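All the letters of the sequence shown, read from the start, carry residue numbers 47 to 185 under our numbering. Ideal placement from N, C-alpha and C gives every residue a C-beta, glycine not left out. Predicted, not measured: the structure shown is a model, and the values here were computed from it.
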Amino acid sequence: MTSMHSRASFSRGANAYANVSVESGVMSADPHQLITMLFDGIEVVLRNARVHMQQGNVVEKGRAISKAIDLVNQGLLAALDREKGGEVAQNLASLYEYIGNLLLRANLRNSVSALEEAETLLQQISSAWRDIAVRAEAS
Numbered sequence: 047m048t049s050m051h052s053r054a055s056f057s058r059g060a061n062a063y064a065n066v067s068v069e070s071g072v073m074s075a076d077p078h079q080l081i082t083m084l085f086d087g088i089e090v091v092l093r094n095a096r097v098h099m100q101q102g103n104v105v106e107k108g109r110a111i112s113k114a115i116d117l118v119n120q121g122l123l124a125a126l127d128r129e130k131g132g133e134v135a136q137n138l139a140s141l142y143e144y145i146g147n148l149l150l151r152a153n154l155r156n157s158v159s160a161l162e163e164a165e166t167l168l169q170q171i172s173s174a175w176r177d178i179a180v181r182a183e184a185s
């Protein structure tokens, strides 16, 4: 019992430390870094969703995919400046909405292919986003 208690305490401490670390990163990040952090977070939850899907853990799969949908809709999509971004922002908005629909389909139908398509699209956008930072630093 003591071992379980100490493991639980350690886990709570580690989670608290991780939360403080993430909060510190968010507080000191510029807008470009915040979007990068969103992509990183989505990647993690989609990896978790895939594992839960493969294990048949419907509840945790649903939670992970729901979190990914929230990050796409309330993070990436909400961050778009459609006025300044023009056609690029409109195209990204359409793509994020499509990704949200793919994730919904993946959740409802237990569709690995829909999950993989969403992951691939997000990885491509994330890669392009990271290239922007590299090019900006080189200038």
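Proximal residues to residue i (C-beta, below 6 Å), its chain only, five neighbours per side dropped
i      : result
Tyr142 : Val118, Leu122 and Leu123
Arg128 : Ala135
Proximal residues to residue i (C-beta, below 8 Å), its chain only, five neighbours per side dropped
i      : result
Ser140 : none
Gly131 : Leu138
CB-CB length for residue i against residue j, believed under 8 Å
i      : j      : result
Asn137 : Gly108 : Actually they do not touch by this definition, with Cβ atoms about 29 Å apart.
Leu149 : Ile115 : 5 Å
Val91  : Ala110 : 5 Å
Among the options, nearest to residue i - alpha-carbon criterion
i      : options                           : result
Gln100 : Asn156, Tyr144, Ala135 and Asn147 : Asn156
Ser173 : Ile81, Ala135 and Val91           : Ile81
Met83  : Ser185, Arg181 and Leu168         : Leu168
Ile171 : Phe85, Pro77 and Asn94            : Phe85
Contacting residues, own chain, Cβ-Cβ under 7 Å from residue i (five flanking each side not counted)
i      : result
Ser67  : Low local confidence applies: a pLDDT of 45 at Ser67 is under 50, so the model's placement there is unreliable, and no value is given.
Ala125 : Ile81
Val158 : Met99
Beta-carbon gap between residue i and residue j smaller than 9 Å
i     : j      : result
His78 : Ala160 : no
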